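In my numbering, the protein residues as written are 23 to 308. Where a beta carbon is used, it is the ideal one built from N, C-alpha and C, also for glycine. Keep in mind the model is a prediction, meaning the values are calculated, not measured. Some notes on the structure that comes next.
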Amino acid sequence: MTEILNTLFNALVLIFVLTSMFGLGLGLTLKQVIAPMKKTSLMAKALVANFILAPLLAFVLAKLIRLDDPFAIGLIILAVSAGAPMLAKYAEMAKGDSAFTLGLMILLMVVTIIYAPIVLPLLIPGVHVDVWGMVKSLMITMLLPLGAGLFIKARYESLAETLSPHMAQASSFTLIAQLVLAIPLASGDLMKMLGTGAIITLLLFIVGTMAIGYLLGGPKKETRIVTALGTGQRNVSAALLIAVQNFVDPKVLLMVMTGALVMMVINMLTASEFGKHAKVASSSKQ
Numbered sequence: 023m024t025e026i027l028n029t030l031f032n033a034l035v036l037i038f039v040l041t042s043m044f045g046l047g048l049g050l051t052l053k054q055v056i057a058p059m060k061k062t063s064l065m066a067k068a069l070v071a072n073f074i075l076a077p078l079l080a081f082v083l084a085k086l087i088r089l090d091d092p093f094a095i096g097l098i099i100l101a102v103s104a105g106a107p108m109l110a111k112y113a114e115m116a117k118g119d120s121a122f123t124l125g126l127m128i129l130l131m132v133v134t135i136i137y138a139p140i141v142l143p144l145l146i147p148g149v150h151v152d153v154w155g156m157v158k159s160l161m162i163t164m165l166l167p168l169g170a171g172l173f174i175k176a177r178y179e180s181l182a183e184t185l186s187p188h189m190a191q192a193s194s195f196t197l198i199a200q201l202v203l204a205i206p207l208a209s210g211d212l213m214k215m216l217g218t219g220a221i222i223t224l225l226l227f228i229v230g231t232m233a234i235g236y237l238l239g240g241p242k243k244e245t246r247i248v249t250a251l252g253t254g255q256r257n258v259s260a261a262l263l264i265a266v267q268n269f270v271d272p273k274v275l276l277m278v279m280t281g282a283l284v285m286m287v288i289n290m291l292t293a294s295e296f297g298k299h300a301k302v303a304s305s306s307k308q
């Protein structure tokens with residue numbers, strides 16, 4: 023039974039990644055992706071926040087709290103995976119800079135595909151990772167669907183508009199299904215997790231990365247909000263793919279899934295709060 027659930031879970035992860043990336047491409051134009059890249063200073067700071075400071079924070083927290091190795095690996099996988107597709111929705115809720123959001127999201131996603139497989143073995147000594155295999159896997163499952171979506175949006179806009187809501191529904195359904203399946207797959211470990219320091223480590227990591235992103239988000243509040251949310255929300259699609267395809271210990275996957283849940287809740291609440299403040303500020307100016 024467990025083997026069947028594992029197979030089903032792996033299939034759901036793949037479907038989630040494919041539909042998320044394809045759906046993202048269907049909603050974007052190439053111009054929207056490229057324009058924000060001209061803000062080189064902001065983009066450079068965002069790269070530092072996501073690919074230097076976030077992994078460093080995860081590494082330090084794992085050592086200080088003395089996490090079990092599988093939980094530490096799960097945390098570090100999340101830390102090296104940036105560019106979450108759901109950032110666009112959070113930025114919309116928070117009244118952030120939408121154009122900057124799109125460019126940042128794509129940049130972080132592309133860098134993650136090359137960065138994660140190279141850096142992960144350096145941060146987790148003794149763990150063997152098939153670097154080229156991981157790069158190839160992430161490119162096929164993330165870049166190709168994204169490129170296909172962008173192509174359809176550019177050439178067949180009406181088709182893109184028809185497909186987009188279906189992809190959103192499919193990715194939402196498969197994400198929920200993954201969360202449901204994760205419980206029976208590691209239910210025993212989930213209870214053990216409560217006394218390991220893993221939950222508090224995740225909370226510290228998320229709050230810490232959001233603070234880092236906000237501080238490095240430039241002078242404008244609209245971009246600081248986006249960078250904070252973009253750093254606090256890791257790329258769950260990439261993290262799940264790496265965890266499922268390279269690690270057999272269920273605690274690694276459990277840490278990634280728990281992190282995904284906690285991040286989702288914290289980022290949604292934070293984005294909503296930013297949005298309320300933006301509305302109040304806008305009303306007071308009128």
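Should the region 52-64 be regarded as contacting the region 91-101, the criterion being three or more beta carbon pairs within less than 8 Å?
no
Could you tell me the distance, in whole angstroms, from the CA atom of L262 to the CA atom of K175?
27 Å
Runs of alpha helix (DSSP H) lying entirely within the region 155-235, each at least 4 residues, in chain order:
166-177, 179-207 and 209-215
Collapsed DSSP secondary structure at R15 in the structure displayed:
Nothing about residue 15 can be read from this structure; the chain reaches only from 23 to 308.
Using three-state DSSP, classify S259 as helix, strand or coil.
helix
Pick helix, strand or coil for I146, following the three-state DSSP scheme.
coil
For my contact list, P77 and L129 are in at a C-beta cut-off of 8 Å; report their separation, rounded to the angstrom.
Not a contact, Cβ separation roughly 17 Å.
Separation of T280 from A220, as counted between CA atoms
9 Å
Three-state secondary structure (DSSP) at S294?
helix
Taking 9 Å as the cut-off, decide whether the C-beta atoms of I37 and T196 are in contact.
yes
Neighbour-count burial assignment, Q191, 16 or more Cβ in a 10 Å radius:
exposed
For D119, which residues of its own chain have a beta-carbon under 6 Å away from its beta-carbon, when the five flanking residues on both sides are left out?
E244, T245 and V248
Straight-line CA distance for I288 to S180?
35 Å
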